[in-house]
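This report refers to the structure that appears directly beneath it.
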Amino acid sequence: MKARHTLQVALEAVRLNRLRSVLTVLGITIGIASVTLTVGLGLGAQQQVRDQISALGSNLLIVSPGSATSGGVRGGFGTATTLTRADAEALASSEVAPSIAGVAPVSSTSTSLAAGSATWTTSVYAVTPSWQDVRSRTLAAGRFLTDADVTDRTRTIVLGSSTAQELFSGGNPLNQSVVINSVSFTVVGVLDAAGGSSSATSDDDLVLMPWTTAATTLGTSATTVSTIYLQAADAAHLSAAYQQATAALKARHQITTSGTADFSITTQESIVEAATSTDRTLTILLGGIAAISLLVGGIGVMNIMLVSVSERIREIGLRKALGAKPRAIRNQFLTEAAVLGLAGGVLGLGIAAFGALTLPSLIDQPVTLVWWAIVGSLIVAVGVGVIAGVYPAGRAARLAPIDALRSE
Amino acid sequence: MSALPEAGPARSVVMLDDVTKTYAQGSLAVQALRGVSMEIGAGEYVALMGPSGSGKSTLMNILGCLDVLSTGRYLLDGDDVANLDEDALAEIRNTRIGFVFQQFNLLPSLPAWRNVELPLFYAGVPAPERKRRALDALARVGLADRVDHRPGELSGGQQQRVAVARALVSDPAIVLADEPTGNLDSTSTEDVLALIDDLHSAGRTIILITHEADVAARAERVLHVRDGRLTDGGGVR
Ligand SMILES: Nc1ncnc2c1ncn2[C@@H]1O[C@H](COP(=O)(O)OP(=O)(O)OP(=O)(O)O)[C@@H](O)[C@H]1O
Ligand SMILES: [Mg+2]
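Just so you know, the protein sequences line up as chains A and B, in that order. Quick note: the first sequence uses our numbering, first residue 1, plus one each step. Quick note: the second sequence uses our numbering, first residue 1001, plus one each step.
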């Protein structure tokens, strides 16, 4: 009840000087708005990358040829052709690697396509029917490649959604023919757009072809592959799958020490980690700069609180004459500073919310406002206010009642 | 305690023993009080008179625990105030002393009743009781119909009556009034003095500063201050 009265007095003081209060908290408002927006932009960018990578498939491991580096993600992979279809078949065996549910060896080549008058250049992937499950993709139309397509080397292809759009511009691509390398292929299926964000174009701009067909018509290798995608049985089996794949491949490649492995296995997590770490660094940097504006805002509050104390010195004296203890005076000014900080924080969050709604359409970047950033901002805003209020409040509390009363 | 004379039949509320007060003003030291000894019994009505600058307000501020003395001793209800800390002094001002100032000293942003309830707030009285007692006190000074007016919407006399209501709301034993009628016309002066008379007849100790002889005449005892000294002794037995 005492606290309520103190709060009431603080609110009245803030209301009494409405314009000045708004100007006072402007610094905190801008600080909170920029910190919240920077964090929101950073989280949005990270979420975007994460979506892209989870669009690769679930519980996915990616085996690439070439030696691993300590960081887990290597620069130019696919240079050494050390992975073979025999490797992939071995990993598919439930005795060798029981935790691996699906195996999809892939080799690729970039080539130009023609459908009627439309031409387009993109990657053609030589795949097995298992690719669809391992990469967790669904079909928008038609069917996926089958075992029969592989054995019979049928001239069938499945198109990514944007490839289909480029070649047939909205028309139905099913059973249409596409010419690749002077050979005519029939479109039997079109993939759904990959889940996640719009910019994951490489997952939607592609052509899938039975690997046997690719070997004869495009000259891709019938024995080696550029990547083997592995799907663990479930999330709990991910590390077991990783270990089984490593052991099996080492045994097959007759490798004894890990340093000389001629392949590397990356997980989705490690890709996410690498891709988001630069985003995170940038976020921290920008957030730090925004935090400095919060500091400046705090100094603004302290300045105005000092003015407020000397302006209300007679009021302080009177309150003391009527029996206010130093603690009561200090609490009154601290509460006032906290109210100012909170007001600045709420205003700042309002601006941040407005920014979160308008910015994505302006700069094509999602802004993610999460509850902990909002609650954190409010706590920081109140904290900045209180810290800025400590000195002025202490000064008010220490005033001798008679000096305060007598001053004009 | 033993250095001071024993209290007489009327218990001493205020006992000053050779009190001085020196203000440091730059390199200059202003001696506002040069050795004041006095004794005021419970329920007495004392007027302080004297020329401007003689030290009346200084004395009053020390009596009200608003200011601290330089040398000497001040016993309030037998307790040496030098031994009390800030919080204890605040409590004394809150519960035992009511102030009425020449400049009223009301908070301009608050309506009359909120001004009156202030001492009760610092005493930790619950809100509903604060309001009830504040309205009560305002009724006693004849301002029942002005409780929601801000000081700026009241006449000088009405403002001083609000201040008197504030001084009596916490039911203090001592009321200190520093030229309470200095800014008032004769009708308002009469109103305020009548209220102070009421407080006195209810058993409170009244100490009042005035320049006017007819105001001082209402007191039981008049003390004259000149150059920081009492010219006629402070009634020390
Ligand atoms: N804060 C202060 N600093 C320095 N000198 C002061 C201070 N307060 C009062 N004095 C000096 O002490 C002396 C007594 O002042 P005080 O206010 O007690 O006089 P007073 O008797 O109340 O006069 P008045 O009738 O005009 O109110 C004066 O000379 C004054 O200048
Ligand atoms: Mg005076």
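We treat Cβ as the ideally placed atom computed from N, Cα and C, and that holds for glycine.
Do you know how far the Cα of residue j is from the Cα of residue i?
i: Leu145(A); j: Arg135(A); result: 14 Å
i: Glu273(A); j: Val49(A); result: 10 Å
i: Ser1188(B); j: Ser1037(B); result: 33 Å
i: Ser1186(B); j: Gly350(A); result: 58 Å
i: Thr227(A); j: Ala373(A); result: 40 Å
i: Val301(A); j: Val35(A); result: 18 Å
i: Gly287(A); j: Leu43(A); result: 12 Å
i: Arg1166(B); j: Gly1233(B); result: 32 Å
i: Thr6(A); j: Ala321(A); result: 17 Å
i: Leu405(A); j: Ile28(A); result: 33 Å
i: Gly1078(B); j: Ser1057(B); result: 23 Å
i: Ser1012(B); j: Glu1044(B); result: 10 Å
i: Arg1229(B); j: Val386(A); result: 48 Å
i: Ala393(A); j: Ala291(A); result: 24 Å
i: Glu83(A); j: Thr128(A); result: The amino acid occupying residue 83(A) in the given sequence is Leu; Glu does not appear at that position. Computed Cα separation, rounded: 15 Å.
i: Ser198(A); j: Gly348(A); result: Note that Ser198(A) scores 46 on pLDDT, short of 50, meaning its location in the model is unreliable and no value can be drawn from it.
i: Arg1073(B); j: Ser293(A); result: 54 Å
i: Asp1198(B); j: Gly1055(B); result: 28 Å
i: Arg153(A); j: Ser184(A); result: 13 Å
i: Gly389(A); j: Pro1151(B); result: 29 Å
i: Ala90(A); j: Ala248(A); result: 8 Å
i: Arg330(A); j: Thr358(A); result: 42 Å
i: Thr266(A); j: Ser161(A); result: 27 Å
i: Arg1204(B); j: Ser1155(B); result: 27 Å
i: Thr220(A); j: Ser108(A); result: 7 Å
i: Ser277(A); j: Thr151(A); result: 44 Å
i: Ser1190(B); j: Pro1051(B); result: The question names Ser, but residue 1190(B) in the sequence shown is Glu. Between Glu1190(B) and Pro1051(B), the C-alpha separation is close to 23 Å.
Which residues does DSSP pair with residue i in a beta bridge?
i: His1224(B); result: Met1049(B)
i: Lys1021(B); result: Leu1033(B)
i: Trp120(A); result: Leu113(A)
i: Gly435(A); result: It is not possible to answer for residue 435(A), since the shown part of chain A is limited to 1 through 408.
i: Pro65(A); result: Phe263(A)
i: Met1275(B); result: The displayed coordinates of chain B run from 1001 to 1237. Any statement about residue 1275(B) would go beyond what the structure contains.
i: Tyr125(A); result: Ser108(A), Leu208(A)
i: Thr1205(B); result: Ile1174(B)
i: Phe1099(B); result: Leu1176(B)
i: Ile180(A); result: Leu113(A), Val183(A)
i: Ala141(A); result: Val190(A)
i: Ile157(A); result: Val187(A)
i: Arg1229(B); result: Arg1226(B)
Report yes if the C-beta of residue i is less than 7 Å from at least one heavy atom of ligand 2; otherwise report no.
i: Ser407(A); result: no
i: Ser1057(B); result: yes
i: Asp1227(B); result: no
i: Asp1214(B); result: no
i: Asp1017(B); result: no
i: Asp1178(B); result: yes
Given a cut-off of 8 Å, decide if residue j and residue i are closer than it, judged by their beta-carbon atoms.
i: Thr163(A); j: Thr122(A); result: yes
i: Arg395(A); j: Val309(A); result: yes
i: Ala353(A); j: Ala232(A); result: no
i: Phe1121(B); j: Leu1176(B); result: no
i: Pro1119(B); j: Ser1170(B); result: yes
i: Ile379(A); j: Thr24(A); result: no
i: Val106(A); j: Val207(A); result: no
i: Ala381(A); j: Leu369(A); result: no
i: Thr217(A); j: Asn181(A); result: yes
i: Ala115(A); j: Val225(A); result: no
i: Thr1095(B); j: Ala1137(B); result: no
i: Val158(A); j: Val190(A); result: yes
i: Val1019(B); j: Leu1076(B); result: no
i: Asp149(A); j: Pro65(A); result: no
Would residue i pass as an interface residue toward chain D - the criterion being a Cβ-Cβ separation below 8 Å?
i: Leu334(A); result: Although the question refers to chain D, the structure presented lacks it and instead comprises the protein chains A and B.
Between residue i and ligand 4, is the CB less than 7 Å from at least one heavy atom?
i: Tyr1074(B); result: In terms of ligand content, the structure shown lacks ligand 4 and carries ligand 1 and ligand 2 instead.
Quick one: does the C-beta of residue i sit closer than 7 Å to a heavy atom of ligand 1?
i: Leu1201(B); result: According to the sequence displayed, residue 1201(B) carries Ser and not Leu. Incorrect: Ser1201(B) has no Cβ contact closer than 7 Å to ligand 1.
i: Gln1025(B); result: yes
i: Ala1032(B); result: yes
i: Gly317(A); result: no
i: Gly1053(B); result: yes
i: Gly1050(B); result: yes
So, do the region 1125-1133 of chain B and the region 1084-1101 of chain B have three or more beta carbon pairs nearer to each other than 8 Å? no
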